[in-house]
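In what follows, a structure is listed as structure tokens, so that the remarks can point back to it.
Protein chains: 2
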Amino acid sequence: MAQVRNKQVLLKNYVTGFPKESDMEIVEGSITLKVPEGSSDVVLPLTAFGVSKVVESGDPKYKKDDLVWGVTKWEEYSLVPSAKILFKIDHTDVPLSYYTGILGMPGMTAYGGFFELGCPKKGEKVFVSAASGAVGQLVGQFAKLTGCYVVGSAGSQEKVDILKNKLGFDEAFNYKEESNLDAALKRYFPEGIDIYFENVGGKTLDAVLLNMRSHGRIPVCGMISQYNLSQPEGVTNLANLIYKEIKMQGFIVSQFYPLYPKFLEFILPHIREGKIAYVEDIVEGLEGGPAALVSLFSGQNLGKKIVAIAPE
Amino acid sequence: MAQVRNKQVLLKNYVTGFPKESDMEIVEGSITLKVPEGSSDVVLPLTAFGVSKVVESGDPKYKKDDLVWGVTKWEEYSLVPSAKILFKIDHTDVPLSYYTGILGMPGMTAYGGFFELGCPKKGEKVFVSAASGAVGQLVGQFAKLTGCYVVGSAGSQEKVDILKNKLGFDEAFNYKEESNLDAALKRYFPEGIDIYFENVGGKTLDAVLLNMRSHGRIPVCGMISQYNLSQPEGVTNLANLIYKEIKMQGFIVSQFYPLYPKFLEFILPHIREGKIAYVEDIVEGLEGGPAALVSLFSGQNLGKKIVAIAPE
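As structure tokens, then:
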């Protein structure tokens with residue numbers, strides 16, 4: 001019954017507002033690599049979507065050395081209720097990190113939000129905010145595969161370059177350099193926007209509403225600019241929903257999990273043929289976890305942020 | 001070729017902000033009751049949905065003495081392009097005024113918005129704002145016919161009484177007497193709201209978003225509290241769309257016109273059997289038109305506001 005060191009990222013306290021590195025600590029605990037009869041959990045490790053290898057299993061659906069992805073804690077070894085495992089990993093000819101991104105939760109988010117709620121048609125005009133992020137970069141590429149015109153916004157010139165040169169967006173702009181977002185959108189969408197894939201909320205949404213076309217769709221995936229604000233920015237242009245008969249629909253990725261097999265069938269060939277790229281921002285070692293989390297809210301990540309706890 | 005007096009309500013100028021009575025004037029023109037070869041229209045009469053009797057027709061689909069409803073000008077006699085006529089009136093055992101309300105545009109608005117976009121199920125909880133208005137009073141009654149629990153908000157005790165005692169709402173409240181709309185909604189919807197039929201926007205929408213249930217629907221019919229404001233109120237709680245996977249969908253009634261025959265089949269029996277009531281607020285004479293319009297924005301109307309230009 002091996003007992004091993006188990007490094008963990010813990011929250012010191014309940015956090016309000018944007019998380020700071022000082023809200024988290026790295027501790028060295030230990031864990032017995034044996035499924036216990038009962039379990040008690042008195043600390044508060046952060047959770048995330050991760051890829052893990054099964055060490056021991058009490059659930060007959062999983063066996064030792066199976067690779068799985070789903071919700072895990074930020075630690076080297078986790079006792080995971082099997083309901084938190086989402087899928088067993090069957091295809092290992094692609095990087096395992098992909099199962100935290102393009103083949104994991106962000107991939108399903110982009111796929112379900114864009115295709116199921118966005119209902120894209122060839123030739124339509126698509127705008128994606130936070131476009132170089134884990135989800136946005138895929139939405140843009142799915143839009144191109146569908147024959148749409150797609151423009152992305154991001155927060156640095158480096159991200160804009162990647163959107164245009166590596167990810168195939170038709171256009172991209174740095175929203176921090178646009179004093180008037182409405183004017184920027186009118187420049188890139190003189191005929192208006194059919195689908196806005198919403199990741200940021202606030203002022204961007206307000207400007208988008210002025211530029212939507214009749215019968216437009218807004219899948220609402222996130223509003224990262226508004227999270228952790230004690231008072232969110234007010235959105236003032238919602239009456240456009242009426243005049244333009246817009247459908248705005250929020251969603252959580254779990255509603256699309258039943259589509260996962262269909263999604264893999266769609267995306268794996270594109271990955272293998274190099275028709276879809278995926279930008280990852282990998283931090284080596286659990287010690288880098290707190291800074292990685294904080295970077296998401298300051299826009300410093302480039303692509304899907306991943307903390308590699310152990311080598312493949 | 002009879003030439004007759006034709007009283008009209010004209011706009012003196014283009015109006016910004018809330019309309020005032022002084023923005024409009026009643027003029028006595030004249031009109032030749034003969035369809036001209038061409039037509040020119042240099043004045044700006046207001047338009048509205050009205051019921052008219054055909055005096056003469058150049059379109060073979062309509063003949064003298066047909067009753068029709070559709071877009072007409074605010075005047076005694078109108079030269080109407082036949083495309084502006086929406087439907088011929090076939091059922092005259094109900095008041096003709098109903099074709100401006102329960103059997104006209106507001107009826108179709110309530111029907112399409114509630115059933116097609118709201119997708120109500122028996123037992124669901126429904127909230128309607130501007131609930132005693134032309135559309136709201138029908139939405140509430142449709143909700144009751146569907147087996148829903150329905151609460152309406154309105155702006156006076158008299159309206160609240162009508163909602164509860166005449167229109168069959170389960171509950172109703174005067175929003176002007178609630179200092180905290182969120183608390184009011186929690187009182188009437190301890191388990192949350194499944195469908196919010198949106199007529200007002202602004203602060204009401206913000207409070208509703210805090211009280212929606214998972215997978216709720218918000219058909220967006222109007223935002224009357226926000227029209228004509230130079231700066232609309234900001235809505236701050238939109239992130240709830242994500243967490244609660246809410247569908248918020250704006251619409252214009254015309255998308256539902258193809259359903260009109262089906263709608264009549266549904267609603268005429270209910271009217272004839274007295275199972276649906278309809279509150280009208282009729283002003284006699286075109287001279288009362290400007291004040292009637294202004295009253296809509298101050299909340300002084302009770303039910304569907306109608307200007308009767310000529311007796312049936």
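Residue numbers (full-length UniProt numbering), protein chains in the order written: chain A, 1 to 312; chain B, 1 to 312.
We put the beta carbon where it would ideally sit given N, CA and C, even for glycine.
**Asked** Which runs of the alpha helix (DSSP H), 4 residues or longer, sit entirely within the UniProt domain "Alcohol dehydrogenase-like C-terminal" (134–267) of chain A?
**Response** 136–145, 157–165, 181–188, 202–211 and 240–243
Please list, in chain order, the chain A residues whose beta carbon lies closer than 7 angstroms to that of B:G222.
I242
Q) With respect to the beta strand (DSSP E) encompassing A:T72, which residues constitute its N-terminal and C-terminal limits? A) L67 to K73
**C-beta neighbour in chain B for A:V27, strict 7 angstroms** = no
task = Rounded to whole angstroms, what's the CA-CA distance from A:V4 to A:E21? Just pull it up for me.
result = 26 angstroms
Exercise for the section: Report the partner residues of B:G29 according to the DSSP bridge assignment. Expected result: B:N6
*Which residues mark the beginning and the end of the beta strand (DSSP E) in which B:F115 is found?*
Run containing B:F115: none; DSSP gives neither H nor E here.
Three-state secondary structure assigned by DSSP to A:D59: coil
Cβ-based neighbour list, residue 384 of chain A, same chain, cut-off 8 angstroms, excluding 5 preceding and 5 following = In the structure as shown, chain A begins at 1 and stops at 312. Residue 384 of chain A is therefore absent and cannot be evaluated.
Any beta-carbon of chain B closer than 7 angstroms to the one on A:V200?
-> no
Between B:S248 and chain A, is the shortest Cβ-Cβ distance under 7 angstroms, so that the two count as touching? As written in the sequence, residue 248 of chain B is Met, which differs from the Ser given in the question. At least one chain A Cβ lies under 7 angstroms of B:M248.
B:G50 - partner residues in DSSP beta bridges:
B:G70
Listed from N- to C-terminal order along the chain, which residues in the stretch 96–130 of chain A have their beta-carbon within a distance smaller than 7 angstroms of any beta-carbon of chain B?
none
Is A:Y188 buried or exposed, if buried means 16 or more other CB atoms sit within 10 Å of its CB? buried
*B:G234: buried (16+ other C-beta within 10 angstroms of its C-beta) or exposed?*
buried
- request: Closer than 6 angstroms by C-beta to B:I218: which residues in its own chain qualify, once you throw out the five before and the five after it? Chain order, please.
  value: Y196, E198 and M248
query: For B:D281, which residues does DSSP report across the bridge?
result: B:K305
Span of the beta strand (DSSP E) holding A:F87? I85 to K88
* To do: Provide the residue span of the alpha helix (DSSP H) that contains B:F297, from first to last.
  => G289 to S298
Does the structure place the stretch 50–69 of chain B close enough to the stretch 262–280 of chain B that three or more beta carbon pairs sit under 8 angstroms? no
Spell out a yes or no on whether the stretch 174–194 of chain A and the stretch 203–216 of chain A are touching, meaning 3 or more CB-CB pairs, one atom from each, closer than 8 angstroms. yes
Q. Just reading off the beta strand (DSSP E) that A:F18 is part of, what are its end residues?
A. Segment: none, A:F18 is in no beta strand (DSSP E) and carries neither H nor E.
(request) Under 7 angstroms Cβ to Cβ from B:D170, same chain only, skipping five residues before and after it: list those, please. (result) Y149, V150 and V151
Give me the chain A residues within the contact set of B:V54, using Cβ-Cβ distance strictly less than 9 angstroms, ordered along the chain.
Within 9 angstroms Cβ-Cβ: nothing; B:V54 doesn't reach chain A, min ~32 angstroms.
Check your understanding: Would DSSP call A:P269 helix, strand or coil?
Key -> helix
Which term fits A:T100, buried or exposed, when burial requires 16 or more other beta carbons within 10 angstroms of its beta carbon?
buried
Q: Consider the Cβ of A:A183: report whether some Cβ of chain B lies at a distance smaller than 7 angstroms.
A: no
message: Residues in the same chain with beta-carbon distance under 6 angstroms from B:F297, minus the five sequence neighbours each way, listed in chain order, please.
response: F18
**Request:** Using DSSP bridges, identify the partner residues of A:K125.
**Result:** A:Y149
- Quick one: Cα of A:Q226 to Cα of A:K305, how far? 20 angstroms
For the candidate residues A:K34, A:P95, A:V68 and A:A143, whose alpha-carbon lies nearest to that of A:E116?
A:A143
Inter-residue Cα distance where the pair is B:N11 and B:A291 = Sequence inspection shows Leu at residue 11 of chain B; the Asn mentioned does not correspond to that position. Between B:L11 and B:A291, the C-alpha separation is close to 13 angstroms.
> Can you check whether the CB of A:A110 is closer than 7 angstroms to the CB of A:V128?
Replying inline: no
Name the DSSP bridge partner or partners of A:L11?
A:M24
Self-check item: Buried/exposed call for B:K159, threshold 16 Cβ in 10 Å
Solution: buried
For A:E245, count neighbouring C-beta atoms within 10 Å of its own C-beta (all shown protein chains included) and say buried if the count is 16 or more, exposed if not. buried
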